[in-house]
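Asker:
In the UniProt record's numbering, the protein residues as written are 1 to 181.
#1: Where DSSP assigns a beta bridge to residue 22, which residues make up the other side?
#2: Alpha carbon to alpha carbon, what distance is there between residue 143 and residue 171?
#3: From which residue to which residue does the alpha helix (DSSP H) around residue 172 run?
#4: Run the CB neighbour count on residue 35, radius 10 Å, all protein chains shown included, and call it buried at 16 or more, exposed below.
#5: Do you know offhand how far residue 133's Cα is from residue 106's?
#6: Where residue 173 and residue 161 are concerned, what is the direct C-alpha to C-alpha distance, given to the nearest angstrom?
#7: If you measure between the beta carbons of residue 108 and residue 72, is that distance less than 8 Å?
#8: In terms of residue numbering, what span does the beta strand (DSSP E) encompassing residue 63 cover?
#9: Whole-angstrom Cβ separation of residue 62 and residue 25, contact assumed at under 8 Å?
#10: Please classify residue 97: does DSSP put it in a helix, a strand, or coil?
#11: Please go through the same chain and pick out, in chain order, the residues whose beta-carbon is closer than 6 Å to the beta-carbon of residue 44, but skip the five residues on each side of it.
#12: Have a look at the DSSP bridge pairing and note the partners of residue 153.
#13: How big is the Cα-Cα spacing for residue 37 and residue 168?
#14: What is the rounded straight-line gap between the Cα of residue 65 and the Cα of residue 47?
#15: Leaving out the 5 sequence neighbours to the left and right, which residues in its chain are closer than 7 Å to residue 100 when beta-carbon positions are compared?
#16: Would you kindly report the start and end of the unbroken alpha helix (DSSP H) that includes residue 122?
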């Protein structure tokens, strides 16, 4: 597969040329031809490119054994839609010191409208590939899914087994009677 290549002069990191392509090998061994302007948004690639002293036209296969091709295709979709976008900056409300939530575009909201398992895979890939925007926006989306949910609802959403007996839960409720459940 081939993903965008001839994007003018944008490069997000280090000394990676803005034009040209590289080969990326995903977990299942699938190969992708990806434009440098797109893949340079992944700091892992940019760092590897610089560390190996590669130049435009050099052939190198970038392995990403921790990322499946299905997830990598979503990562590429994110990269294509965020070429030239500035890195997000975490901000706090000066009065309350609460974190100010990012304002996601409709396209970004649609991008993250995936099953919770796939959202987790995207966040893991973003962490592995060192993609700040995808990681932070994914974390915020995940936090929004969990916000205002009970422990039982969270366990159901994440398909987690309840590790407490009813007796243990009752003891906690009695100990913390002041707290509303």
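Cβ atoms here follow ideal geometry from the backbone N, Cα and C, with glycine treated the same way.
Answerer: This is what the structure holds:
#1: 34
#2: 28 Å
#3: 166-175
#4: buried
#5: 16 Å
#6: 20 Å
#7: The beta carbons of residue 108 and residue 72 sit no closer together than 8 Å.
#8: 61-64
#9: 7 Å
#10: DSSP places residue 97 in coil when its eight states are reduced to three.
#11: 129, 130
#12: Beta-bridge pairing links residue 153 to no other residue.
#13: 55 Å
#14: 17 Å
#15: 91, 92, 93
#16: It spans 116-129 - the alpha helix (DSSP H) in which residue 122 sits, taken as one unbroken run.
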